Ligand code: AMP
């Protein structure tokens, strides 16, 4: 059975296909209140939202920017926007008003949806940027969007959209330079979630724990779209909370998380019992330490499945569902995705185990950066390969390894140093929890290697012990010229270590 009212909207028709005829099935359960929303009710609300947005002037291809807390209504807004032919543009809730001003000026959205608490601050900015209309959406799901919806009669004929039409723009986290808007087409989003659903074997029987933010590709497209495409249910949580996840696991089958989720959950008593009925733990967005993978397996019996993706490309690689999930690797290119490692100097493909730049091509890849044709041309080759900026290698069994971001590469005395190689050795030393290796200006060498190390609580680790631990394992030029012991590394909401902050903090390490 197929619902013709969605058929012409490329992405929404695919997100709806699995639940047609299963309207009573639960799509989303609020983990705090236990309130369940069926597929039928979710899509009915999305239709009303679509209608309300069109009434507010949203035309096909218009952007709708939203900065609001993670709620069910925000997911309905996502689907409703796409249904109305709009381009969904979620903004990190941490962005300040001046950052929001940049995004509004750059993306020129027709509508802005924001938390009622931010209305006074954002309204003048939106007006100055020429935004046509501003609506509010509160954490209690009240606000003007809710009222605008309640005024609408049920039912909406989804707006026709082609495969290449845009469904979303996500701004990259942009640790250097201006944040860029990655344009994501209906086909890119639909094809990637369809691939992941099959690769990770999601079905109607699955219950996913959803504790990721929904302004980012991981929580919005991987977690939400895969659930919808499979007709699965999800236990929806406003943010990560280890206790809430422990309570939810006995009723769930899968968890998608960033590495810090797993590190925190490992501290919880009763993890083995709580996770006994789960079938899948996925990690991504930042590197999962092999040690975390090993400890998780020892305690729960489950091998965490690590995958690799980015805002511009959706997901590129995954460890296998069946077959060996190898710690410290991100697995194989997904079906339909081509991946190669190339020389940063010549662009030629490199051989097994040779480190270079990771390039990917496939239906998952974005359509370019919004209104930045030069940036797009620099990173997206004419033959369709996207130069990810990640450095990596492919081993002799085809597993892809990420060794860091290109911009994190250290060049000292003319030699290339890959931080990951040093970090792995430091992390193996006694009393070390984790480390980040960076390059900072050095008068003689161009850059000097600095290791920032997190010691176990109460350990008496000092700089010399780290140096000695590395002395016979690394060539002299790779050995840190300075080691600092800290309590924690700075991380962003997706668990990525913010090396740009560390480079800034330690930039004077070698100044006289
Ligand atoms: P974002 O666009 O915010 O999703 O960030 C994408 C970047 O996160 C990638 O280019 C990688 O540098 C990093 N990343 C994502 N997944 C992994 C992973 N499994 N291991 C290592 N780095 C990862």
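In my numbering, the protein residues as written are -19 to 492. Ideal Cβ positions, reconstructed from N, Cα and C, are used throughout, including at glycine. Computed from a prediction, not measured in an experiment: that's the story for all the values here.
Original post:
Are at least three pairs of beta-carbons, each pair with one atom in the segment 51 to 63 and one in the segment 77 to 88, less than 8 angstroms apart?
Top reply: no
Subject >> ligand 1 heavy atom lying under 7 angstroms from the CB of residue 476 >> reply: yes
Original post:
With 8 angstroms set as the bound, which would you pick, yes or no: does the beta-carbon of residue 132 sit closer than that to a beta-carbon of chain B?
Top reply: Although the question refers to chain B, the structure presented lacks it and comprises just one protein chain.
**OP:** Could you check if residue 257 is buried or exposed, using at least 16 other CB atoms within 10 Å of its CB as the buried criterion?
**Re:** exposed
Original post:
Hey, is the segment 179 to 188 in contact with the segment 35 to 48, meaning 3+ C-beta pairs nearer than 8 angstroms?
Top reply: no
**OP:** Could you tell me whether any non-hydrogen atom of ligand 1 is closer than 7 angstroms to the CB of residue 267?
**Re:** yes
Subject >> Span separating the alpha-carbon of residue 269 from that of residue 17 >> reply: 36 angstroms
**OP:** Tell me residue 139's beta-bridge partners as DSSP assigns them.
**Re:** Residue 139 is not bridged to any residue.
Original post:
Does any heavy atom of ligand 1 sit closer than 7 angstroms to the C-beta of residue 385?
Top reply: yes
Subject >> Under the three-state DSSP convention, the category residue 459 falls into >> reply: coil
Subject >> Reduced DSSP secondary structure (H/G/I, E/B, other) of residue 413 >> reply: strand
Original post:
Is the beta carbon of residue 288 within less than 7 angstroms of some heavy atom of ligand 1?
Top reply: yes
**OP:** Let me know the secondary structure DSSP gives residue 106 once reduced to three states.
**Re:** helix
**OP:** Helix, strand or coil for residue 196, going by three-state DSSP, please let me know.
**Re:** coil
**OP:** May I have the straight-line CA-CA distance separating residue 150 from residue 72, to the nearest angstrom?
**Re:** 10 angstroms
**OP:** Could you check how far apart the C-beta atoms of residue 430 and residue 489 are, in whole angstroms? I think they sit under 8 angstroms.
**Re:** 5 angstroms
Original post:
Tell me which same chain residues have a C-beta within less than 7 angstroms of the C-beta of residue 469, skipping the five on either side of it?
Top reply: 414, 416, 432, 434 and 477
Subject >> Integer-rounded CB distance, given that residue 231 should sit under 8 angstroms from residue 187 >> reply: 6 angstroms
**OP:** Within the same chain, show all residues whose beta-carbon is closer than 8 angstroms to that of residue 483, passing over the 5 residues directly before and after it, in chain order.
**Re:** 418, 419 and 420
Original post:
Using a threshold of 7 angstroms, is the CB atom of residue 418 nearer than that to any non-hydrogen atom of ligand 1?
Top reply: no
Subject >> Beta-carbon spacing of residue 351, residue 145 below 8 angstroms >> reply: no
Original post:
For residue 258, which three-state DSSP category applies?
Top reply: coil
Subject >> Contact set for residue 222: own chain, Cβ-Cβ below 6 angstroms, skip 5 residues either direction >> reply: 244, 245 and 248
Original post:
When every heavy atom of ligand 1 is checked, does at least one fall within less than 7 angstroms of the C-beta of residue 367?
Top reply: no
Original post:
Would you report the Cα separation of residue 155 and residue 239, rounded to the nearest angstrom?
Top reply: With a pLDDT of 49 at residue 155, under the threshold of 50, the predicted position of this residue should be treated as unreliable, and no value is reported.
Original post:
Within 10 angstroms of its Cβ, does residue 158 collect 16 or more other Cβ (buried), or is it exposed?
Top reply: exposed
**OP:** Count the CB pairs spanning the segment 296 to 313 and the segment 271 to 286 that are closer than 8 angstroms, and state whether there are at least three.
**Re:** yes
**OP:** Go through its chain and collect everything with a Cβ distance to residue 37's Cβ below 8 angstroms, but skip five positions before and after it.
**Re:** 90, 91, 112 and 113
**OP:** Could I get the ranges of all uninterrupted beta strand (DSSP E) runs contained in the segment 216 to 261, with 3 residues as the minimum, in chain order?
**Re:** 234 to 237
Original post:
Could you give the residue range of the beta strand (DSSP E) that holds residue 50?
Top reply: Segment: none, residue 50 is in no beta strand (DSSP E) and carries neither H nor E.
Original post:
For the beta strand (DSSP E) that contains residue 113, what are its first and last residues?
Top reply: 113 to 116
Subject >> beta strand (DSSP E) segments (min. 3 residues) lying fully within the segment 366 to 402 >> reply: 366 to 374, 380 to 385, 390 to 392 and 395 to 397
**OP:** Provide the residue(s) that pair with residue 331 in DSSP beta bridges, ordered along the chain.
**Re:** Note: residue 331 sits in no beta bridge, so no partner.
Subject >> Supposed close pair residue 201, residue 294 - CB separation, criterion 8 angstroms >> reply: 6 angstroms
Original post:
Do you know how far the Cα of residue 225 is from the Cα of residue 254?
Top reply: 9 angstroms
Subject >> Buried/exposed call for residue 25, threshold 16 Cβ in 10 Å >> reply: buried
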